[in-house]
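Quick notes on the structure that follows.
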Ligand code: A8S
């Protein structure tokens with residue numbers, strides 16, 4: 003973990019900023035390529051998927067051959083255009099164009115938070131190494147100069163494939179707040195995101211496992 007943090011989560015910070023990193027272990031594979039739906043998805047599998055209250059739009063990128071499902075931790079994280087696939091506070095996200103470095107997304111957050119919108123730019127994207135970095139460039143909230151990096155790593159938990167997720171951030175401390183308050187606030191939000199990521203991934207993995215399909 004320390005090695006991963008040293009390698010991917012080093013942030014330059016100045017006097018008036020705070021930084022921190024969070025770690026989450028998920029009992030689901032980083033990469034699971036699901037079988038072709040049309041050929042081999044058994045009825046119980048389909049039923050489990052359809053009757054779970056998971057929103058299938060986010061987990062089923064159908065390809066032109068017909069319905070190869072990719073459900074894995076990284077496939078949720080990499081969708082910079084669809085953070086609502088796992089982030090519980092996001093109500094809507096719009097993005098123009100493809101997933102490229104420099105792409106901007108407009109995020110709306112649910113009511114009850116001290117914010118309504120955020121404009122975020124994709125800064126780092128590595129589909130092989132599983133690294134995604136973003137920077138907040140606008141919006142009506144108090145997180146100025148926020149940038150974050152999330153990395154996804156395979157690990158073995160009790161002899162089974164699992165995933166280690168690390169997310170780190172740096173942000174300005176707003177006027178009228180302390181470093182500790184700022185850090186506490188951001189860590190609480192990221193913690194909710196990572197918890198939700200774990201829940202969604204673990205449920206998808208469980209459905210897959212119950213289906214008995216070997217990939
Ligand atoms: C993320 C991380 C964070 C998002 C924060 C910290 C935010 O979307 C929320 C509340 C705010 O006050 C700021 O990766 C902002 O999503 C939930 C709107 C940016």
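In the UniProt record's numbering, the protein residues as written are 3 to 217. Glycine included, each C-beta is placed from N, C-alpha and C at the ideal position. Bear in mind that the values here come from a model prediction, so they are computed numbers and not experimental data.
Item, Value
"Should the segment 173 to 180 be called in touch with the segment 191 to 198, which here means at least 3 C-beta pairs below 8 angstroms?", "no"
"Do residue 117 and ligand 1 come close, with the Cβ less than 8 angstroms from some heavy atom?", "yes"
"From the DSSP secondary-structure annotation, give me the bridge partner or partners of residue 27.", "166"
"Would you check whether ligand 1 has a heavy atom nearer than 8 angstroms to the C-beta of residue 148?", "yes"
"Which ranges would you report for the beta strand (DSSP E) in the segment 89 to 129 if only whole runs of at least 3 residues count?", "92 to 97, 106 to 111, 119 to 128"
"Taking 8 angstroms as the line, does the beta carbon of residue 145 fall inside it for any heavy atom of ligand 1?", "yes"
"With H, G and I counted as helix, E and B as strand and the rest as coil, what does DSSP make of residue 206?", "helix"
"Would you check if there are 3 or more beta carbon pairs closer than 8 angstroms linking the segment 73 to 83 to the segment 144 to 156?", "yes"
"What does residue 173 pair with, by DSSP beta-bridge criteria?", "20"
"Mapping the DSSP letters down to three states, classify residue 135 as helix, strand or coil.", "strand"
"Just how far apart, CA to CA, sit residue 168 and residue 25?", "5 angstroms"
"Within a Cβ cutoff of 7 angstroms, which residues of the same chain sit near residue 142, ignoring the five residues on either side of it in sequence?", "117, 118, 119"
"Can residue 82 be considered in contact with ligand 1, in the sense that its beta carbon sits closer than 8 angstroms to one or more heavy atoms?", "no"
"Within its chain, find whatever has a CB closer than 8 angstroms to the CB of residue 191; leave out the 5 residues flanking it on each side and keep chain order.", "91"
"Taking just the CA atoms, how far does residue 112 sit from residue 41?", "Low confidence applies to residue 41: its pLDDT is 41, below 50, so where it sits in the model is not reliable enough to give any reading."
"Rounded to whole angstroms, what's the CA-CA distance from residue 146 to residue 140? Just pull it up for me.", "8 angstroms"
"Closest to residue 29 by C-alpha separation, out of 211, 212, 209, 200, would be which residue?", "200"
"If you run the structure through DSSP and keep just helix, strand and coil, what is residue 152?", "strand"
"Run the proximity test for residue 191: is its beta-carbon closer than 8 angstroms to any non-hydrogen atom belonging to ligand 1?", "yes"
"Does the beta-carbon of residue 86 have 16 or more other beta-carbons within 10 angstroms, so that it is buried, or is it exposed?", "buried"
"Just verifying my parser: in three-state terms, what is the DSSP assignment at residue 32?", "coil"
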